[in-house]
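**Student:**
Protein chains in written order, with the numbering used here: chain A, 9 to 125; chain B, 36 to 148.
#1: Apart from the five residues just before and just after residue 44 of chain A, which ones in its own chain have a Cβ nearer than 8 Å to its Cβ?
#2: Between residue 47 of chain A and chain B, is there a C-beta pair that is closer than 7 Å?
#3: Is it the case that the segment 36 to 52 of chain B contacts the segment 56 to 76 of chain A, given that we only count it when at least three CB pairs across the two stretches are under 8 Å?
#4: Residues of chain B with a CB under 7 Å from the CB of residue 30 of chain A: which are they?
#5: What residues in its chain sit with their C-beta under 8 Å from that of residue 90 of chain A, if we drop five residues either side in the sequence?
#6: Once the 5 residues before and after residue 98 of chain B are set aside, which same chain residues still bring their CB inside 6 Å of it?
#7: Using the beta-carbon of each residue, which ones in chain A are nearer than 7 Å to residue 79 of chain B?
#8: Please give the ranges of any beta strand (DSSP E) in the segment 58 to 108 of chain B, keeping only runs that are unbroken, at least 3 residues long and fully inside the region.
#9: Against chain B, with Cβ distances strictly below 7 Å, would residue 119 of chain A count as a contact?
#10: Just by C-beta distance, which residues in the segment 40 to 67 of chain A are closer than 9 Å to chain B?
#11: Is it buried or exposed, residue 95 of chain B, if we count other Cβ atoms within 10 angstroms and call 16 or more buried?
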């Protein structure tokens, strides 16, 4: 099946710094990618929908200036956590949607664990 | 309001036993329903895809059912193994060109020896 790769898989940063997480579709083009965050023992929470060549669509309550999303190519979307604080520590996961068939398929990356000190 | 509810929230079973996870949804317009398995610290992996016309689909020891009339789905795990310990997430895809997915909160399954 299609592969979605995230990088880095884990990152530790100081409070106030910015962190960029990359999400790549390795063997297919993805016009739409999704970003989620997941706290321990909780389910995925959709943060935003990343659309290639246009602005991302953010879910209610997600600060667009805090979580910058860029989807400049058909194989790469990035999430930048700006001025990170300890409460931003979480597991961030991306997914890419492949269209076709019954609403296509959804492939997830392996996730990126962010720890803000 | 589009919602996907899963039960139980968590479940502990002994190795070798069977179990069934439930997913109820109120989503419109419905396209299909998927079950994903998420190991701790990993991304979710697709188990099954259920379209409106399908009632049952199997993937090894996993069998998913769908009742489109009652808007219920179940995931049955047979002869559980320790490696089945994970979170199981029910996701409903909307149709009609909507780029929208509705996630359930997941069921955390622990298989003990």
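Beta carbons: idealized from backbone N, C-alpha and C, even for Gly.
Since the model is a prediction, treat every value here as computed from it, not as a measurement.
**Tutor:** Well, looking at it:
#1: 52, 53, 54, 55, 100, 101, 102, 103
#2: no
#3: no
#4: Chain B residues near residue 30 of chain A: none, gap ~14 Å exceeds 7 Å.
#5: 26, 73, 74, 75, 76
#6: 111
#7: 116
#8: 65 to 73, 80 to 86, 91 to 94, 97 to 102
#9: yes
#10: 40, 42, 44, 46, 49, 50, 51, 52, 53, 54, 57, 59, 65
#11: exposed
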